[in-house]
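Data first, discussion second: the structure below is written as structure tokens.
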Amino acid sequence: MLATIIFAHVGAASTWATVDPTLQAIANRVTNSVGEVITTTPRHSSGPVFVFEEYHNSRAGQVQIATMLTRLYQQQGLRIVGLEGAVKGPAPLPTEKYLKAADPSTRRDVLKDLLREAEISGVEYAGAVLPGLQVVGIENPDEYGVQPDDSAAEFRAILFVAERTLNSTELEKVGEKLKADKIEEALEIMKAADPWIKARLDGLKSSDPNFDSVANTQAILDKTKSLNISLPADVTRGLEADIHFHHIAEKRSDTMADAVAELANQNAGKPVAMIIGAAHTKRVLAELEKKGATTVVLRPRDFKGEDDGISLRRFRLKSQGLWGNDDPNSLGALLNPKRKPAPVIGNMKRDGYASAQAAAKIAAKSVRSGGDFPKAIIDQLKALPGITVDPLSFEKKGYDVIFSLDIENNGKTQKIWVRAGTRPTGTQSSSDPLEAALSELKKAEAEGGSGGGKEPPKKTKDAAVDNPDGGKKGENEGKGDNKTSTSKPETAGLLTNREVQAKFFTSVEEARSHAPISL
């Protein structure tokens with residue numbers, strides 16, 4: 209009965225040795241202000257392998273990982289990263305080609321937006337913006353395909369135990385809390401009444417990477433047997449499936465470590481990195497040690513993102529195969545109801561999301577620049593994958609632009625209306641972990657190739673008009689600083705320190721009636 213009630217509510221050429229002989233000093237520079245060094249091992253025959261621990265739902269943590277990868281790339285010549293969640297294949301993930309049709313500044317802006325919104329990870333961002341950085345899969349598809357049970361079997365089994373072990377007074381108190389929809393208080397009563405229940409419930413919520421989940425689940429199953437509890441068949445299957453999943457997770461750790469050890473041997477004298485969930489770290493390090501690899505474990509400063517409810521919500525949406533940002537008038541809010549799971553980079557069915565964001569930025573910048581709109585941007589918009597912009601749909605509302613596009617969504621084509629504009633870049637709070645992390649990333653990118661890495665590409669004449677890294681004005685603004693330009697200098701200057709904001713709608717009427725965006 210208790211269970212029923214609750215669930216009714218519920219390529220640098222230099223070698224490593226010539227770059228810096230002190231591994232700890234290098235790790236300290238890489239993590240400065242954005243991370244921490246967890247462990248380093250004595251030098252062995254291969255490596256070093258920089259093992260980045262991640263907590264999948266921390267937005268700030270993902271930005272900090274991107275910053276640390278950028279520093280390793282610039283300072284130590286990092287050129288290859290192994291990624292948990294990506295299966296081994298004949299070629300790296302196509303990160304460097306992602307959204308290449310957009311101009312460099314727009315592409316970088318969109319990628320930062322996707323990183324900020326938790327749509328892509330820190331390593332995906334780094335692979336997309338750092339030339340020559342390869343992101344490779346290190347998973348066995350058969351192992352990675354094993355998923356945990358989603359029926360909350362462990363929790364349900366604990367409730368059956370509670371019905372046997374709690375006295376009538378305690379059960380009555382729990383029932384009263386449940387009727388008042390005070391689930392957490394009901395669980396606290398159960399935990400206070402029975403130390404075993406407390407240990408098991410705390411275990412289900414544990415974020416300790418060293419916690420033995422297999423032992424916790426096995427203890428639940430053993431307890432039900434010792435009390436002669438006849439569990440529903442689906443609960444028993446769920447418990448067994450969870451135990452199997454955790455055993456496979458251990459095999460995955462070995463598989464990933466073996467793959468990265470091979471990368472380290474193939475790239476002798478150069479650093480290699482890998483990105484894994486912290487639960488894999490202990491076993492991965494042991495396996496790498498067996499393979500003779502030198503290791504350094506790094507962790508982002510905002511590792512768990514515990515205070516960021518937005519991160520947790522967006523991670524849960526992504527886990528369900530949905531776009532993380534489903535705020536009102538966001539593109540994700542329109543696409544989510546019909547979308548199935550798919551990887552972000554490397555699956556052409558998902559290119560349209562980033563392309564739609566890029567189209568909004570390109571159009572808004574063009575309107576603000578005062579160039580030949582929309583003629584000047586049509587070819588660039590046509591080249592964006594996954595979308596088709598209607599060239600006859602453009603409307604200007606002051607400095608706002610409204611237009612429609614068709615986007616590929618779950619094998620079908622969906623029409624979206626866009627309203628975009630430019631406004632002064634807002635002042636971000638230094639106390640916001642995400643904004644602080646983005647600021648550090650920008651600093652790292654501005655440092656260029658200092659410290660031994662491959663120098664970043666030089667600024668070109670077609671760099672975007674409001675390139676935050678200081679590029680010249682781009683072709684979307686006519687001739688930029690050319691004296692023969694037909695653009696008005698004061699109009700061109702309006703793009704300095706401005707950002708594009710976009711809203712997405714299902715009809716042109718909604719787009720037209722929305723409040724102006726541009727300021």
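By this note's numbering, the letter at position 15 of the sequence shown is numbered 223, and the numbering carries on one by one without gaps.
Just so it is clear, CB atoms sit at the ideal spot from N, CA and C, and this is done for glycine as well.
Please tell me whether residue i and residue j are closer than 9 Å, where the distance is taken between their beta carbons.
| i | j | result |
| --- | --- | --- |
| A365 | I428 | yes |
| M482 | G269 | no |
| V331 | V318 | no |
| E378 | I391 | no |
| E707 | T630 | yes |
| A710 | A628 | yes |
| A361 | A486 | no |
| L649 | T248 | no |
| V337 | Q283 | no |
| T230 | E653 | no |
| K296 | N240 | no |
| E351 | I484 | no |
| F363 | L439 | no |
| V597 | K604 | no |
| L592 | A572 | no |
| E261 | L506 | yes |
| G606 | G560 | no |
| I288 | V480 | yes |
| M464 | I610 | no |
Alpha helix (DSSP H) containing residue i: first to last residue?
| i | result |
| --- | --- |
| L429 | S421 to S434 |
| S721 | V716 to S721 |
| R706 | Counting along the chain, R706 falls outside any alpha helix (DSSP H), though it belongs to the beta strand (DSSP E) covering R706 to F713. |
| N473 | A441 to Q474 |
| T278 | R267 to Q284 |
| P641 | P641 to A654 |
| L727 | Unbroken run through L727: none, as it is neither H nor E. |
| P403 | P403 to K413 |
| N240 | First-last for N240: undefined, no H or E at that position. |
Once you ignore the five residues that flank residue i on each side, which residues in its own chain have a CB closer than 7 Å to its CB?
| i | result |
| --- | --- |
| R509 | V242, G243, E244 and Q272 |
| A501 | H252, S254, G255, V257, A469 and A472 |
| P300 | Q342, V343 and V344 |
| L727 | R631 and P632 |
| T303 | E332, G335, A336, V343 and I553 |
| E458 | R491 |
| T444 | none |
Should residue i go down as buried or exposed, given a rule of 16 or more other Cβ atoms within 10 Å for buried?
| i | result |
| --- | --- |
| I725 | buried |
| A388 | exposed |
| S421 | buried |
| N617 | buried |
| D416 | exposed |
| K490 | exposed |
| M454 | Checking the sequence, you will find His at residue 454 rather than Met. By the 10 Å Cβ count, H454 comes out buried. |
| D357 | buried |
| N690 | Confidence at N690 is low in this model, with a pLDDT of 35, below 50, so its placement is unreliable and the value that follows should be read with caution. It is exposed - the Cβ of N690 has fewer than 16 other Cβ atoms within 10 Å. |
| N424 | buried |
| I586 | exposed |
| E380 | exposed |
| Q588 | buried |
| T714 | exposed |
| P250 | exposed |
| A407 | exposed |
| L286 | buried |
| S639 | exposed |
| L435 | exposed |
Provide the residue span of the beta strand (DSSP E) that contains residue i, from first to last.
| i | result |
| --- | --- |
| R558 | Segment: none, R558 is in no beta strand (DSSP E) and carries neither H nor E. |
| Q342 | Q342 to E347 |
| F258 | S254 to E262 |
| E244 | G243 to T248 |
| P728 | Because the chain is modelled from 209 through 727, residue 728 falls outside the range shown and cannot be assessed. |
Ignore the nearest five residues each way along the sequence and tell me which others in residue i's own chain have a CB closer than 6 Å to its CB.
| i | result |
| --- | --- |
| D462 | E495 |
| V218 | Summary for V218: the model assigns pLDDT 44, below 50, so the residue's position carries little reliability, and this model does not support an answer. |
| R315 | L307 |
| D402 | T373 |
| T621 | D614 |
| R720 | none |
Does residue i come within less than 9 Å of chain B when only Cβ atoms are used?
| i | result |
| --- | --- |
| G485 | Of the protein chains in this structure there is only one, and it is not chain B. |
Considering only residues of the same chain and omitting the five flanking positions on each side of residue i, which have a CB-CB separation below 8 Å?
| i | result |
| --- | --- |
| D608 | A572, V575, R627, A628, G629, P724, I725 and S726 |
| N236 | V245 |
| K385 | I391, E393, A394 and I397 |
Secondary structure, beta strand (DSSP E): runs of 3+ residues fully inside the segment 288-318: Counting only runs of 3 or more, we get 288-295.
3 or more residues per run - each beta strand (DSSP E) lying fully within the segment 322-397: You should have 342-347.
Complete beta strand (DSSP E) runs within the segment 570-626 (minimum length 3 residues, chain order): Counting only runs of 3 or more, we get 595-597, 603-605 and 608-617.
Contained beta strand (DSSP E) runs [length at least 3] in the segment 476-506, N- to C-terminal order: Counting whole runs of 3 or more residues, the segment 476-506 contains the beta strand (DSSP E) stretches 480-485.
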